[in-house]
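Novice: Please find one structure pasted underneath; my questions will follow.
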Amino acid sequence: MGDIIKLLPDHVANQIAAGEVVQRPASVVKELMENAIDAGALSIKLIVKDGGKVLIQVVDDGAGMSDTDARLSFERHATSKIKCAEDLFNLSTKGFRGEALASIAAIAHVELQTKPSNTEFGTHIKIEGSKVTAQEVIVTSKGTSIAVKNLFFNIPARRNFLKSNSVELRHITDEFHRVALAHPSIHFYFYNNGSELFNLPQSNYRQRIVNIFGSRTNEKLVPVEEETQVVKISGYIGKPEFAKKSRGEQYFFVNNRFIKSPYLHHAVVAAFEGLIKSDNHPGYFLYLEVDPASIDINIHPTKTEIKFDDEHTLYALLRSAVKHSLGQFNVAPALDFDQNLNLETPYAFKNREAELPKVVVDSGFNPFKEEIQRGFKNSYQKESTKGWESMYVGLESKVGREDSFSSVSFESDSITGSIFEGTHEVMETNTTTFQLRRKYIVTTIISGMVVIDQSRAHQRVLYEKFLKNITIKEAVSQQLLFPLSLSFSSSDMVIIEEIKESLATIGFGFGKVDREVLEITGVPLLVAESEVGMVLDQLISDYQQDITGDSFSQTDILSKTLCKTLAVKTGEILDRNSQLALVNDLFACKESKSSPFNKTIYITITENDIDKKFI
């Protein structure tokens with residue numbers, strides 16, 4: 001048998017390695033922006049076209065590269081970050097593998113323009129599928145500009161797996177947020193299809209969070225600060241009342257590097273125990289500084305997973321720091337029986353000097369007046385009764401009229417009829433529907449009875465109504481007397497713009513739309529004005545979780561969100577008419593057995609099933 005093992009060509013090996021590093025356009029954005037940060041840039045521009053499929057360009061004002069370094073940077077395992085294996089345990093840079101640029105160049109058209117500060121001319125390199133097509137000297141400004149065009153042009157199968165432009169843009173925005181939150185001292189720009197999405201000037205951590213997620217985020221933040229020999233914890237957590245069911249604003253940064261850690265997330269959730277519901281997740285932006293030698297970043301090519309030497313100690317410290325902040329800023333209720341409430345001074349009176357009490361004397365006070373009786377003053381004065389006869393003028397002419405009280409009905413004091421009269425009416429009309437435990441509706445059928453989950457049943461009814469309104473576009477809108485203004489972050493406004501047309505078809509009316517403020521002028525008949533903000537927040541979180549591209553999926557998510565938010569909840573009391581209406585509407589649906597979330601709506605119990613219980 002001959003030799004069958006052979007070395008793969010470099011371009012094939014690069015394409016295989018690219019599958020681990022470059023999963024979608026957002027992966028390219030992450031690698032290029034982190035390289036710009038490692039180059040010491042103070043200003044970084046991100047330019048994207050068509051969700052990153054056509055163009056991803058990162059421009060920085062960092063150190064730049066010489067012509068030799070520029071050419072060598074696209075080779076595999078070529079890096080300036082480490083020199084030996086020991087450096088892996090003392091990393092202070094974002095990248096260290098030396099695979100990113102080589103992987104990107106293997107599956108795209110790449111143009112590089114770079115110039116260091118100590119030279120007059122720069123370098124321009126063009127690469128197509130790992131092949132260098134041009135390298136020349138150019139005049140350019142200090143720093144580096146890398147443009148990645150036609151991603152996956154030589155791997156059609158990978159390109160076909162990419163989602164729509166809006167979905168890929170959402171992933172790119174998430175990566176942009178993670179990098180920008182970790183480095184508030186850098187000025188970031190983000191342009192999509194020629195329009196500016198973000199312009200984040202140099203600031204502190206709190207201002208950077210507010211600039212990204214909107215001005216209304218400022219009131220949600222509670223600072224966290226703790227420093228020990230093991231870790232230094234800083235950042236902000238969200239107040240318990242702003243916790244959401246989706247994981248939208250949870251960020252961990254270790255040594256200014258975004259990570260994902262379910263273990264540390266559990267520590268934060270444990271600190272909120274008793275303050276939020278079990279299925280809700282608090283928001284947090286926590287920055288951890290640890291010794292680089294105590295962590296291992298070389299676990300996954302995306303570098304979002306970190307292994308800690310002592311996770312248990314870190315868990316306890318993080319949980320304690322969050323719990324301390326919740327109590328320190330009076331977010332969590334606390335009982336202190338030794339504290340004297342009389343010693344507490346309000347902040348408004350902190351610097352105010354004590355004032356002498358003033359005594360007011362009524363010089364005209366006479367204790368012998370008639371109005372004063374037994375030391376107490378009457379609350380009214382006796383008025384003259386002159387002219388009381390005019391109250392009865394013309395009354396005698398009305399008393400004799402028989403029709404004067406014909407339109408007036410009086411409630412009788414006597415009660416006639418049986419106390420069980422309603423029971424006989426139910427027996428006559430055969431109405432046997434009733435509510436069980438404020439959760440189920442029980443009604444009889446010919447073969448037995450049906451037990452219906454009221455919340456799931458109402459979800460199915462509303463789901464089909466909203467789905468019909470969106471597809472047929474015959475929804476009725478209730479116009480608001482005063483427009484409702486709601487604040488959202490820039491990323492949330494992008495999602496609202498995508499589904500704005502679908503929202504209009506079910507009855508939502510929109511006025512002015514600014515960068516962070518949305519004006520609502522009309523709402524559907526089934527949506528109360530007080531529920532508009534809750535519905536839109538839930539809708540945005542559902543779109544972030546179920547990222548889809550086609551119009552049918554958008555319609556489906558929109559209908560599911562509305563029916564889930566507006567449906568009758570478990571614990572609500574329904575009267576007899578509401579029970580009957582819900583049962584009739586349910587069995588008039590096209591699909592009455594399962595809810596929009598594929599859960600059983602009702603079960604049937606036949607007479608034979610009941611008889612078997614008595615055997």
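The letter at position 466 of the sequence shown is residue 466 when you use full-length UniProt numbering, and the numbering goes up by one with no holes. Cβ atoms here follow ideal geometry from the backbone N, Cα and C, with glycine treated the same way.
(1) Return helix, strand or coil for Met-65, following the three-state DSSP convention.
(2) Does DSSP put Gln-538 in a helix, in a strand, or in coil?
(3) Just how far apart, CA to CA, sit Gln-435 and Ile-276?
(4) Which residue from Ile-47, Phe-152, Ile-127, Ser-578 puts its Cα closest to that of Arg-438?
(5) How long is the line joining the alpha carbons of Ala-36 and Val-290, rounded to whole angstroms?
(6) Tell me whether Glu-31 is buried or exposed, calling it buried when 16 or more other Cβ atoms sit within 10 Å of its Cβ.
(7) With a Cβ-Cβ cutoff of 8 Å, do Lys-244 and Asn-280 count as a contact?
(8) On the CB-based measure, 16 or more other CB atoms within 10 Å of its CB, does Leu-558 come out buried or exposed?
(9) Starting from the Cα of Gly-194, find the closest Cα among Phe-161, Ala-316, Ile-47, Leu-151 and give me that residue.
(10) If you measure between the beta carbons of Glu-111 and Ala-70, is that distance less than 8 Å?
(11) Using C-beta distances below 8 Å, list every residue in its chain close to Thr-555, excluding the 5 sequence neighbours before and after it, in chain order.
(12) State the DSSP-derived secondary structure class of Val-21, mapped to helix, strand or coil.
(13) Are the beta-carbon atoms of Leu-525 and Val-476 separated by less than 8 Å?
(14) Around the C-beta of Tyr-263, are 16 or more other C-beta atoms found within 10 angstroms, so that it is buried, or is it exposed?
(15) Counting only C-beta atoms, is Thr-93 closer than 8 Å to chain D at any point?
(16) Ends of the alpha helix (DSSP H) at His-312?
(17) What first and last residue would you give for the alpha helix (DSSP H) that runs through Thr-471?
(18) To the nearest angstrom, how far is the alpha carbon of Gly-64 from that of Glu-175?
(19) Output yes or no for whether 8 Å exceeds the beta carbon distance between Ala-182 and Arg-247.
(20) Near Ile-615, what residues of its chain come up, given a Cβ to Cβ distance below 8 Å and the 5 sequence neighbours on each side ignored?
(21) Within 10 angstroms of the Cβ of Val-513, are there 16 or more other Cβ atoms? Answer buried if so, exposed if not.
(22) Output the distance between the C-alpha atoms of Leu-151 and Ala-108, rounded to the nearest integer angstrom.
(23) Measure how close the beta-carbons of Arg-76 and Ala-102 come, nearest whole angstrom, since I'm counting them as under 8 Å.
(24) By Cβ distance, which residues of its chain are closer than 7 Å to Asn-608, with the 5 residues on each side in sequence left out?
(25) Which ranges does the beta strand (DSSP E) cover as unbroken runs of at least 3 residues, wholly within the region 179-225, from first to last along the chain?
(26) Identify, in the order they occur along the chain, each residue of the same chain with its Cβ nearer than 6 Å to the Cβ of Thr-570, setting aside the five sequence neighbours on each side.
(27) If you count every other CB in all the chains shown that lies within 10 Å of the CB of Val-271, and 16 or more means buried, which is it?
(28) By Cβ distance below 6 Å, which residues in the same chain neighbour Lys-232 in space, the five residues on each side in sequence not counted?
(29) Tell me where the beta strand (DSSP E) around Ile-520 begins and ends.
(30) Where do the N-terminal and C-terminal ends of the alpha helix (DSSP H) with Val-513 fall, by residue?
(31) Less than 7 Å between C-beta atoms, sequence neighbours within five positions excluded: which residues of the same chain meet that for Asn-255?
(32) Measure the alpha-carbon distance for Glu-128 versus Gln-57 and round it to whole angstroms.
(33) Can you tell me where the beta strand (DSSP E) holding Glu-494 begins and where it ends?
Specialist: This is what the structure holds:
(1) Translated into the one-based positions of the sequence shown, residue 65 becomes position 65. DSSP places Met-65 in coil when its eight states are reduced to three.
(2) Numbered from 1 along the sequence shown, position 538 holds the residue referred to as residue 538. In the structure shown, Gln-538 sits in a helix (DSSP, three-state: H, G or I).
(3) Residue mapping note: residue 435 aligns to position 435 of the sequence shown, counting from 1. Residue mapping note: residue 276 aligns to position 276 of the sequence shown, counting from 1. Each residue's Cα considered, the two are about 29 Å apart.
(4) Position 438 of the sequence shown, counted from the first residue, corresponds to residue 438. The residue with the shortest Cα to Cα distance from Arg-438 is Ser-578.
(5) In the sequence shown, counting from the first residue as 1, residue 36 sits at position 36. In the sequence shown, counting from the first residue as 1, residue 290 sits at position 290. Rounded to whole angstroms, Ala-36 to Val-290 spans 23 Å at the Cα level.
(6) Translated into the one-based positions of the sequence shown, residue 31 becomes position 31. It is buried - the Cβ of Glu-31 has at least 16 other Cβ atoms within 10 Å.
(7) Within the sequence shown, the letter at position 244 stands for residue 244. Within the sequence shown, the letter at position 280 stands for residue 280. A contact, by the Cβ cut-off of 8 Å.
(8) The count along the sequence shown starts at 1 and reaches residue 558 at position 558. Buried is the call here.
(9) Residue numbering aside, residue 194 sits at position 194 when the sequence shown is read from its first letter. Selected option, being the one with the closest Cα: Ile-47.
(10) As a first step, residue 111 is located in the sequence shown; it is residue number 111 there, counting from the start. As a first step, residue 70 is located in the sequence shown; it is residue number 70 there, counting from the start. No.
(11) Position 555 of the sequence shown holds residue 555. Contacts found: Leu-467, Ile-470, Thr-471, Ser-502.
(12) As a first step, residue 21 is located in the sequence shown; it is residue number 21 there, counting from the start. Helix, per DSSP.
(13) Working through the sequence shown from its first residue, we reach residue 525 at position 525. Working through the sequence shown from its first residue, we reach residue 476 at position 476. Cβ atoms of Leu-525 and Val-476: closer than 8 Å.
(14) Locating residue 263 in the sequence shown gives position 263, counting from the first residue. Exposed, by the Cβ-count rule.
(15) Protein chains in the displayed structure number just one, and chain D is not present.
(16) Taking the first residue of the sequence shown as 1, we reach residue 312 at position 312. That run of the alpha helix (DSSP H) goes 311-328.
(17) If you number the sequence shown from 1, residue 471 lands on position 471. First-last of the alpha helix (DSSP H) with Thr-471: 454-472.
(18) By one-based count along the sequence shown, residue 64 stands at place 64. By one-based count along the sequence shown, residue 175 stands at place 175. If I take the Cα positions, the gap works out to 23 Å.
(19) Locating residue 182 in the sequence shown gives position 182, where the first residue counts as 1. Locating residue 247 in the sequence shown gives position 247, where the first residue counts as 1. Going by C-beta atoms, Ala-182 is not nearer than 8 Å to Arg-247.
(20) Position 615 of the sequence shown, counted from the first residue, corresponds to residue 615. None.
(21) As a working note, residue 513 is residue 513 in the sequence shown. The residue in question, Val-513, is exposed, as its Cβ has fewer than 16 Cβ neighbours within 10 Å.
(22) Your numbering for residue 151 matches position 151 in the sequence shown. Your numbering for residue 108 matches position 108 in the sequence shown. When rounded, the distance between both Cα atoms is 5 Å.
(23) Along the sequence shown, one-based indexing puts residue 76 at 76. Along the sequence shown, one-based indexing puts residue 102 at 102. Their Cβ separation, rounded to whole angstroms, is 4 Å, which keeps Arg-76 and Ala-102 in contact under 8 Å.
(24) Translated into positions along the sequence shown, residue 608 becomes position 608. If we look at Asn-608 and ignore the five residues flanking it on each side, it has no Cβ neighbours.
(25) 187-192, 195-200
(26) Here residue 570 refers to the residue found at position 570 of the sequence shown. Taken in chain order, the residues that qualify are Lys-439, Ser-455.
(27) For this step, residue 271 is matched to residue 271 along the sequence shown. Checking the displayed sequence, the identity of residue 271 turns out to be Ala instead of Val. When all chains shown are included, Ala-271 counts as buried.
(28) Position 232 of the sequence shown, counted from the start, is the residue given in the question as residue 232. Within the same chain, Lys-232 has close Cβ partners Glu-289.
(29) For the purposes of this step, residue 520 is taken as the residue at position 520 of the sequence shown. Ile-520 -> beta strand (DSSP E) spans 517-524.
(30) Residue numbering aside, residue 513 sits at position 513 when the sequence shown is read from its first letter. Segment 509-513 is the beta strand (DSSP E) holding Val-513; no alpha helix (DSSP H) there.
(31) Looking up residue 255 in the sequence shown gives position 255. Same-chain partners within the cutoff: Glu-289, Val-290, Pro-292.
(32) Within the sequence shown, the letter at position 128 stands for residue 128. Within the sequence shown, the letter at position 57 stands for residue 57. Approximately 16 Å between the Cα atoms of the pair.
(33) Mapped onto the sequence shown, residue 494 falls at position 494. As written in the sequence, residue 494 is Val, which differs from the Glu given in the question. From DSSP, Val-494 is part of no beta strand (DSSP E) but of the alpha helix (DSSP H) over 490-505.
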